[in-house]
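Beneath this line is the structure, given in structure tokens, with notes to follow.
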Amino acid sequence: MLRVEGDVLYIEDTSTVDLAREYGTPLYVYSENTIKEKIAEIRAAFTSKYPDTHAAYACKAFCTPYLCKLLEREGLWLDVVSGGELYTAIRAGFPGKRIEFNGNNKSRDELVMALEYGVGRIVVDNVAELATLDALCRELGVTADILFRITPGVMSDTHAYITTGKRDSKFGIPLDDNIMFPAIRRAIESDALRFLGFHFHVGSQLHAPDAHIAALEVALDLIKETRDRFGYVVSDFNMGGGFGIRYTNQDHPLPLSGFVDPVMERLAEFCAQHELKVPHVSMEPGRFIVGEAGIQLYTVGAIKEIPGIRTYTAVDGGMSDNIRPGLYGARYEAVIANRASEAKDHTVAVCGKCCESTDILIDSLPCPAPREGDILAVLSTGAYGYSMASNYNKLPVPAVVVVNGKESRLIVRRQSYEQMTINEIV
Ligand code: LLP
Numbered sequence: 006m007l008r009v010e011g012d013v014l015y016i017e018d019t020s021t022v023d024l025a026r027e028y029g030t031p032l033y034v035y036s037e038n039t040i041k042e043k044i045a046e047i048r049a050a051f052t053s054k055y056p057d058t059h060a061a062y063a064c065k066a067f068c069t070p071y072l073c074k075l076l077e078r079e080g081l082w083l084d085v086v087s088g089g090e091l092y093t094a095i096r097a098g099f100p101g102k103r104i105e106f107n108g109n110n111k112s113r114d115e116l117v118m119a120l121e122y123g124v125g126r127i128v129v130d131n132v133a134e135l136a137t138l139d140a141l142c143r144e145l146g147v148t149a150d151i152l153f154r155i156t157p158g159v160m161s162d163t164h165a166y167i168t169t170g171k172r173d174s175k176f177g178i179p180l181d182d183n184i185m186f187p188a189i190r191r192a193i194e195s196d197a198l199r200f201l202g203f204h205f206h207v208g209s210q211l212h213a214p215d216a217h218i219a220a221l222e223v224a225l226d227l228i229k230e231t232r233d234r235f236g237y238v239v240s241d242f243n244m245g246g247g248f249g250i251r252y253t254n255q256d257h258p259l260p261l262s263g264f265v266d267p268v269m270e271r272l273a274e275f276c277a278q279h280e281l282k283v284p285h286v287s288m289e290p291g292r293f294i295v296g297e298a299g300i301q302l303y304t305v306g307a308i309k310e311i312p313g314i315r316t317y318t319a320v321d322g323g324m325s326d327n328i329r330p331g332l333y334g335a336r337y338e339a340v341i342a343n344r345a346s347e348a349k350d351h352t353v354a355v356c357g358k359c360c361e362s363t364d365i366l367i368d369s370l371p372c373p374a375p376r377e378g379d380i381l382a383v384l385s386t387g388a389y390g391y392s393m394a395s396n397y398n399k400l401p402v403p404a405v406v407v408v409n410g411k412e413s414r415l416i417v418r419r420q421s422y423e424q425m426t427i428n429e430i431v
């Protein structure tokens, strides 16, 4: 997806320097063909390889009408977690039947919106939501297909801020017998709900399948217990997302099959052993689809050398368009896009323009001595950049462009000062 021609970094067959000139910076840029390749990997490792499966893109990673439409054409489902994400999907005409609604505190209004649009699955996160949903379905005269998100009580090997499966978690229904089984009973007995099965999501940016496999054992126990206690065989199982990607040289992502195959094999083995029908299996990859497909372009501004300490190279965005370094200590690689073939004989710290000392995008970047006006491309920024952007320091949210070969097209306009402040009453 990236290559250097002359001195210039290209994304597909498009010069990043030309993109910066045409659309301005800061700028989010996506390679459409990389997104499609990732989807093809999901097909090869999961949905085409195993019958009765689907993949729902966790659109929190990057949620825009453009992507919803692309995924719809590619046959994926969508996982949304808020009225806003659902609204985006609806605007894009995404079919309700292929939408799953996750989230640990869905409001009544959000649930009504989801039911009225006819979403395919609601992943119930807690016992209170179960009661609300049951009542709402009766009120609206509809039935909802539901899964239970469980808290499997497993640790995952990733940043503590993005582990989600451990027992002490705000996500999911705890496994305690006196909580889980009455909830299952209620879901089975309700004629307004169709109880499909279980869901977990154990964490993000994982490079090994251990947490998925540990959580699967918990889910398998529940599948069997549900049959033994209630004579009810669930039809669905969702293994969440969390599949790691390459941000820097230090990341060695596991191929998707490294997560999928052990889960599918164990599931088949368990079902055969206990005479259960193998359920329909789904997953929710987020960053896997868009993370490596995106880069961010900035223009270099102030360069400040602190003798004997470091050289700060400031760019025209920062934590307002990529909070991940500040929030998780996330690491990225970057290239001076207009001088991409020059020797990297300097080391600089790339900082943003926000009024925070933690607004450091890259603490130690090897590069040629930067100059004001250079274009800096930060790589693998396609997930959780635009979607976590803020207006901190009243910085407008950057534009988003998608590239296909030599063609580029704007898919999100740059926010103007007027749009940014439109709701503020003077
Ligand atoms: N399914 C559920 C229920 C989730 O909560 C998440 C992510 C996913 C799927 C997708 O995870 P992925 O495949 O993208 O790892 N802002 C953080 C990530 C938070 C993810 C929260 N849930 C980051 O920038 O690393």
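Mapping the sequence shown onto my numbering, position 14 (from 1) lands on 19, and the numbers just tick up by one.
All C-beta atoms in this analysis are idealised placements derived from N, C-alpha and C, irrespective of residue type, glycine included.
_Cβ-based neighbour list, P284, same chain, cut-off 7 Å, excluding 5 preceding and 5 following_ = The residue labelled residue 284 in the question sits at position 279 within the sequence shown. Excluding positions up to five away in sequence, the list reads G202, V239, S240, D241, F242.
*Among the residues of its own chain, which have a CB less than 6 Å from the CB of P371, if the five just before and after it don't count?*
Walking along the sequence shown from the start, residue 371 turns up at place 366. Taken in chain order, the residues that qualify are K349, T352.
_Rounded separation between C276 and K282 - CA only_ = Here residue 276 refers to the residue found at position 271 of the sequence shown. Here residue 282 refers to the residue found at position 277 of the sequence shown. Taking the CA atoms as reference points, C276 sits about 6 Å from K282.
*asked:* Give me, in chain order, the residues of the same chain whose beta-carbon lies closer than 8 Å to that of V117; leave out the 5 immediate sequence neighbours on both sides.
replied: By one-based count along the sequence shown, residue 117 stands at place 112. Once the five neighbours on either side are set aside, the close Cβ partners of V117 are L141, L145.
*Three-state secondary structure (DSSP) at I218?*
As a position in the sequence shown, residue 218 is number 213, starting the count at 1. If DSSP states are grouped into helix, strand and coil, I218 belongs with the helices.
*By a C-beta neighbour count over all protein chains shown, 10 Å radius and 16 as the cutoff for buried, is P157 buried or exposed?*
Mapped onto the sequence shown, residue 157 falls at position 152. Classification for P157: buried.
*asked:* Rounded to whole angstroms, what is the Cα-Cα separation between I16 and T39?
replied: Mapped onto the sequence shown, residue 16 falls at position 11. Mapped onto the sequence shown, residue 39 falls at position 34. Each residue's Cα considered, the two are about 10 Å apart.
*Got a sec: does ligand 1 put a non-hydrogen atom nearer than 7 Å to the Cβ of E115?*
On the sequence shown, position 110 is the one that residue 115 refers to. It does not: the Cβ of E115 is nowhere closer than 7 Å to a heavy atom of ligand 1.
*Residue environment, I151, which counts as buried when at least 16 other CB atoms sit within 10 Å*: As a position in the sequence shown, residue 151 is number 146, starting the count at 1. With 16 or more other Cβ atoms within 10 Å, it is buried.
*asked:* Given a cut-off of 8 Å on the beta-carbon distance, is the pair G247 and H206 in contact?
replied: Mapped onto the sequence shown, residue 247 falls at position 242. Mapped onto the sequence shown, residue 206 falls at position 201. In contact: G247 and H206 (Cβ atoms closer than 8 Å).
*Compare the beta carbon distance of C320 and V305 with 8 Å and say whether it is the shorter of the two.*
Position 315 of the sequence shown, counted from the start, is the residue given in the question as residue 320. Position 300 of the sequence shown, counted from the start, is the residue given in the question as residue 305. First, the amino acid is wrong: residue 320 is Val here, not Cys. In this structure, V305 lies closer than 8 Å to V320 by Cβ.
*Kindly give me the distance between the Cβ atoms of I380 and T58, rounded to whole angstroms, as I take these residues to be in contact under 8 Å.*
Working through the sequence shown from its first residue, we reach residue 380 at position 375. Working through the sequence shown from its first residue, we reach residue 58 at position 53. In fact, because the Cβ distance is near 42 Å, the residues do not count as touching under 8 Å.
*Could you name the residues of the same chain whose beta carbon sits closer than 6 Å to that of E77, not counting the 5 residues immediately before and after it, in chain order?*
Sequence index remark: in the sequence shown, residue 77 carries index 72 (1-based). Result list for E77: F99, in chain order.
*Round the Cβ separation of I178 and R154 to the nearest angstrom and send it over; I've been treating them as touching at under 8 Å.*
In the sequence shown, residue 178 corresponds to position 173, counting from 1. In the sequence shown, residue 154 corresponds to position 149, counting from 1. Between R154 and I178 the Cβ distance is about 7 Å, and since that is below 8 Å, they are a contact.
_So, for G432: in the same chain, excluding its five sequence neighbours on each side, which residues have a beta-carbon less than 6 Å away from its beta-carbon?_
There is simply no residue 432 to check, as the chain begins at 6 and stops at 431 in what is shown.
*Could you check the C-alpha separation between V13 and T253 for me, to the nearest Å?*
For the purposes of this step, residue 13 is identified with residue 8 of the sequence shown, where counting begins at 1. For the purposes of this step, residue 253 is identified with residue 248 of the sequence shown, where counting begins at 1. In a straight line, the C-alpha of V13 is about 20 Å away from that of T253.
*S392 beta carbon less than 8 Å from that of A66*: For the purposes of this step, residue 66 is identified with residue 61 of the sequence shown, where counting begins at 1. For the purposes of this step, residue 392 is identified with residue 387 of the sequence shown, where counting begins at 1. The answer is yes: Cβ separation under 8 Å.
*Could you spell out where the alpha helix (DSSP H) holding Q210 opens and where it closes?*
Against the sequence shown, residue 210 aligns to sequence position 205. In the DSSP assignment, Q210 falls outside any alpha helix (DSSP H) and carries neither an H nor an E.
*List the endpoints of the continuous alpha helix (DSSP H) containing C142.*
The sequence position of residue 142 within the sequence shown is 137, counting from 1. Counting along the chain, the alpha helix (DSSP H) containing C142 begins and ends at 132-145.
*Identify which residue in L135, L75, Y28, L180 has its Cα closest to the Cα of K43.*
Residue mapping note: residue 43 aligns to position 38 of the sequence shown, counting from 1. Checked all of L135, L75, Y28, L180; the closest Cα to K43 is L75.
*Assuming V383 contacts I300 under a Cβ cut-off of 8 Å, what Cβ separation, rounded to an integer in Å, is found between them?*
Position 378 of the sequence shown, counted from the start, is the residue given in the question as residue 383. Position 295 of the sequence shown, counted from the start, is the residue given in the question as residue 300. About 6 Å; that satisfies the 8 Å criterion.
*Proximity below 8 Å, CB of V124 to CB of A345*: Counting from one through the sequence shown, the residue named residue 124 turns up at place 119. Counting from one through the sequence shown, the residue named residue 345 turns up at place 340. Contact flag unset, no.
*Do you know how far the Cα of I47 is from the Cα of E27?*
Here residue 27 is taken as the residue at index 22 of the sequence shown, counted from 1. Here residue 47 is taken as the residue at index 42 of the sequence shown, counted from 1. If I take the Cα positions, the gap works out to 34 Å.
*For S362, verify whether its CB is less than 7 Å away from any heavy atom of ligand 1.*
Residue numbering aside, residue 362 sits at position 357 when the sequence shown is read from its first letter. Result no, Cβ not under 7 Å from ligand 1.
*Let me know the secondary structure DSSP gives P267 once reduced to three states.*
Sequence index remark: in the sequence shown, residue 267 carries index 262 (1-based). If DSSP states are grouped into helix, strand and coil, P267 belongs with the helices.
*asked:* Quick test of the definition: if touching needs 3 or more C-beta pairs under 8 Å, does the region 204-223 touch the region 266-274?
replied: Yes, they touch.
*Taking the C-alpha atoms as reference points, what is the distance between F200 and F293?*
On the sequence shown, position 195 is the one that residue 200 refers to. On the sequence shown, position 288 is the one that residue 293 refers to. A direct Cα-to-Cα measurement between F200 and F293 gives close to 29 Å.
*If you scan the region 319-345 from start to end, which runs of the beta strand (DSSP E) of 3 or more residues do you find wholly inside it?*
339-341
*Using a threshold of 7 Å, is the CB atom of H212 nearer than that to any non-hydrogen atom of ligand 1?*
Locating residue 212 in the sequence shown gives position 207, counting from the first residue. Result no, Cβ not under 7 Å from ligand 1.
*To the nearest angstrom, how far is it from the Cα of N327 to the Cα of H204?*
Here residue 327 is taken as the residue at index 322 of the sequence shown, counted from 1. Here residue 204 is taken as the residue at index 199 of the sequence shown, counted from 1. If you take the alpha carbons of N327 and H204, they lie about 29 Å apart.
*asked:* For a test of the three-state rule: what should DSSP assign to I314, helix, strand or coil?
replied: Taking the sequence shown and counting its residues from 1, one reaches residue 314 at position 309. Note: I314 maps to coil in three-state DSSP.
_So the candidates are G331, L366, G334; which of them puts its Cα closest to the Cα of V340?_
As a working note, residue 340 is residue 335 in the sequence shown. It is L366 whose Cα lies nearest to the Cα of V340.
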